[in-house]
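*Asks:*
Shown next, in the form of structure tokens:
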């Protein structure tokens, strides 16, 4: 009953152990499979991110490529937020293809999706991007107030740090369009502060360009030129659309300085860049500017050619501001040609100046003033002059100048504080990310540690079981030897009796046999013996078997003088077994000289022994016989495995067949480290 109880406890213990092992291995498998799956999904989504980035980068340079990238991103992703990110970017293509209403519908569809999602950083940033894009739509439609509403919504989401400067630039453009230059300057300064703080150098080009435009509006040509030159340094690295806008605005700078030839060169550069593209809005805007420059150069035919190219497009999208500008150019041509009736008719086509950018309003008023002067309508000429002065003064009055100067000073004072605040936000986000990463790595490390501990115990248990099995086998062999001792003792007594009266030669052989048997019995009790004893035993064995092998046996011993035979130890039978293999299996049936060579060397790390014969070779798969050395080799190998497991530096027992240049034979190599431990437990 007691044994049964102990057995049940062992079973329970093993079951509990197996349960923990199964749990650990299952955890590893789950983590491994999840890791593989997550790795694959991460690579897929990284590819999607790359496609979206490539699509956005290609919008203004290669529309077909942008379509391809964004469509592939939408097809690949399993993340609905990334799908709508690509979808929103794709909708911008419709803006560039003059399908503004289709683009707006896609952006509104994206908003419907986002409004149903829980508030999160990704959702808010994408929503900010959509509001920004809708603001751009209303800006294109010449509705600055609506544009500002959506741009402010974008700012409240809030957008990502990387997209803030772009949003500030768009807001600045709309306030500049409304003639509110201080507010336009304020947003550009905010954009510059963010760009400086986070090294977003790509936004400095449009910001410098915007500041140049503002100072141009103030007719501060020196400051305007300063900012245009800053922007121009990065001109070669800019995207296609940015280069076009720069050339156009630089052309405006020279236009207002009345350097019309330089102005024309800038506009022509923009025209050339746009020549083979489908960007109709930019293209026709440049045509309108070129038309006005040709008017001031008194090249009226060229002037007509360009405004006739531009006007149909802007009528198709009902862009009031640019149509107002083209109307002013047409009035200027009619006045230059003294076609006053046509000029009056063109004047009547536009009834209201509401919502027109002050600079363009000033241009048309100047041409109407010339019309009044040429028709001797001095009262109207005075009214137009007065109106033009009011418009120009509103842009350049002292209050506006002072307000912008104050903004410059405030920017210099506040930008340092803003950089610090933004840096704190950035560091806080990095700290949060680091904290989450730390928790994740702690969890992974704990699982790994638990798994390693269980793995260690499994391996240790398996090795112990194998070692015990080998020890049991060796013990059984030794017990067999002990049980069979009666036979050798009986043989000793018989041989001693029979030696009486035998001639000296036979008596010597019998003494050698008795010596060999006694040594064999002694060696079975030891895990190691002196090398000198093993050599003595091997020599006795060879001597007894010489007659059986034949007279043509040559045995050579080469023992280095540096080998301390009385202190060096070896596993019993380790030298005798390969010698026995040569004498019993290598030489029988062989013609010619039979050679057996034993070489013992001392090396830096241990004793190395070579046993070489020119016999038939080693054939472990051959037919076994009662006299074979197979059992001895098996016991020797098992003993080595057990002992090597207890030693850092391993002993070696290698058997190789010799088969070079027509020779045959066997070569056995033995290596015993100097400090080898002969311990089973």
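In full-length UniProt numbering, the protein residues as written are 1 to 681.
Beta carbons are placed, not taken as given, at the ideal position from N, Cα and C, and that holds for glycine.
Model, not experiment: these values are computed from the prediction.
Compare the Cα-Cα distances from residue 337 to each of 359, 295, 663, 290 and report the closest residue.
*Replies:* Taking only the C-alpha atoms, the option nearest residue 337 is 295.
*Asks:* Drop a sphere of 10 angstroms on the beta-carbon of residue 654, count the other beta-carbons inside from all chains shown, and report buried for 16 or more, exposed for fewer.
*Replies:* Per the 10 Å Cβ criterion, exposed.
*Asks:* Would the region 131-139 and the region 153-162 be scored as touching if the rule is three or more Cβ pairs under 8 Å?
*Replies:* Counting Cβ pairs under 8 Å, three or more are found: they touch.
*Asks:* Would you say residue 162 faces chain C, with C-beta separation under 9 Å as the test?
*Replies:* Absence of chain C from the displayed structure is noted, only one protein chain being present.
*Asks:* Which same chain residues end up closer than 8 Å to residue 647 when comparing Cβ atoms and leaving out the 5 residues on each side of it in sequence?
*Replies:* If we look at residue 647 and ignore the five residues flanking it on each side, its Cβ neighbours are 673, 676, 677.
*Asks:* Any idea if residue 556 is buried or exposed, counting beta-carbon neighbours within 10 angstroms, 16 or more meaning buried?
*Replies:* Residue 556 comes out exposed.
*Asks:* Tell me the DSSP secondary structure of residue 479 in three-state form.
*Replies:* Only weak support exists for where residue 479 lies, its pLDDT of 45 falling under 50; the value from the coordinates is given anyway. Reduced to three states, the DSSP call for residue 479 is helix.
*Asks:* Counting only runs that start and end within the region 275-318, where is the alpha helix (DSSP H) found for 4 or more residues in a row?
*Replies:* Complete alpha helix (DSSP H) runs here, min 4: 280-296, 300-316.
*Asks:* Is it right to say residue 585 is buried, meaning 16 or more other beta carbons lie within 10 angstroms of its own, or is it exposed?
*Replies:* Residue 585 comes out buried.
*Asks:* Give the DSSP bridge partners of residue 612, in chain order.
*Replies:* Paired residues: 597, 667.
*Asks:* Do residue 612 and residue 668 count as a contact pair if the criterion is CB distance below 9 Å?
*Replies:* Yes, they are a contact pair.
*Asks:* Which residue marks the beginning of the alpha helix (DSSP H) containing residue 181, and which one marks its end?
*Replies:* Per DSSP, residue 181 belongs to the alpha helix (DSSP H) from 181-197.
*Asks:* Under 9 Å between the Cβ atoms of residue 340 and residue 326?
*Replies:* No; because the gap between Cβ atoms is not below 9 Å, this pair is not in contact.
*Asks:* Cα separation between residue 650 and residue 659?
*Replies:* So the alpha carbons of these two residues sit roughly 28 Å apart.
*Asks:* Enumerate, from N- to C-terminal direction, the unbroken alpha helix (DSSP H) stretches of 4 or more residues contained entirely within the UniProt repeat "TPR" (128-161).
*Replies:* Those alpha helix (DSSP H) runs which fall completely within the UniProt repeat "TPR" (128-161) and span 4+ residues are 144-156.
*Asks:* Alpha carbon to alpha carbon, what distance is there between residue 575 and residue 483?
*Replies:* Because residue 483 sits at a pLDDT of 42, beneath the cut-off of 50, its placement in the model cannot be relied upon, and the point is left open.
*Asks:* Could you work out which residue in 670, 135, 178 is closest to residue 636 when comparing CA atoms only?
*Replies:* Nearest C-alpha to residue 636: 670.
*Asks:* Beta-carbon within less than 7 Å of residue 373's beta-carbon, same chain only, minus the 5 sequence neighbours each way: which residues are those?
*Replies:* So the qualifying residues of the chain are 381.
*Asks:* Please determine whether the Cβ atom of residue 305 lies at a distance below 8 Å from any heavy atom of the ligand ADP.
*Replies:* The ligand ADP is absent from the structure shown, which contains no ligand whatsoever.
*Asks:* Quick test of the definition: if touching needs 3 or more C-beta pairs under 8 Å, does the region 225-237 touch the region 268-288?
*Replies:* Contact between the region 225-237 and the region 268-288 is absent, because fewer than three Cβ pairs lie under 8 Å.
*Asks:* Straight-line CA distance for residue 365 to residue 249?
*Replies:* The alpha-carbon atoms of residue 365 and residue 249 are separated by roughly 21 Å.
*Asks:* Of the residues 617, 644, 642, 633, which one's Cα is nearest the Cα of residue 666?
*Replies:* Taking only the C-alpha atoms, the option nearest residue 666 is 617.
*Asks:* Between which two residues does the alpha helix (DSSP H) holding residue 173 run?
*Replies:* Residues 164-177.
*Asks:* What did DSSP end up calling residue 28 once you bin it into helix, strand or coil?
*Replies:* Any reading at residue 28 must be qualified, since the residue scores a pLDDT of 46, below 50, and its modelled position is unreliable; the value itself is stated next. The answer is helix: DSSP assigns residue 28 an H, G or I state.
*Asks:* Please classify residue 91: is it buried, with 16 or more other beta-carbons within 10 angstroms of its beta-carbon, or exposed?
*Replies:* Buried is the call here.
*Asks:* Can you name the start and end residues of the beta strand (DSSP E) that residue 556 belongs to?
*Replies:* Residue 556 -> beta strand (DSSP E) spans 553-559.
*Asks:* Runs of 4 residues minimum, wholly inside the region 62-137: which ones carry the alpha helix (DSSP H) assignment?
*Replies:* If we require 4 residues or more, the alpha helix (DSSP H) runs fully inside the region 62-137 come out as 63-76, 80-96, 100-115.
*Asks:* Should residue 335 and residue 282 be called a contact, given that it needs their Cβ atoms to be closer than 9 Å?
*Replies:* No, they are not a contact pair.
*Asks:* Assuming residue 371 is part of the alpha helix (DSSP H), what are its boundary residues?
*Replies:* Element bounds for residue 371: 358-374.
*Asks:* For residue 600 versus residue 559, is the C-beta spacing smaller than 9 Å?
*Replies:* Contact: yes.
*Asks:* For residue 277, which of 241, 300, 392, 606 has the nearest alpha-carbon?
*Replies:* The option with the nearest alpha carbon to residue 277 is 241.
*Asks:* Hey, out of 150, 197, 145, whose CA is closest to residue 179's CA?
*Replies:* The residue with the shortest Cα to Cα distance from residue 179 is 145.
*Asks:* Helix, strand or coil for residue 237? Go by DSSP, reduced to three states.
*Replies:* In this structure, residue 237 counts as helix in the three-state DSSP scheme.
*Asks:* If you run the structure through DSSP and keep just helix, strand and coil, what is residue 571?
*Replies:* DSSP places residue 571 in coil when its eight states are reduced to three.
*Asks:* Near residue 284, which residues of its chain fall below 6 Å by C-beta distance, leaving aside the five closest residues on each side in sequence?
*Replies:* Only 310, 313 meet the Cβ criterion.
*Asks:* Helix, strand or coil: how does DSSP classify residue 60 here?
*Replies:* Of the three classes helix, strand and coil, the one that applies to residue 60 here is coil, per DSSP.
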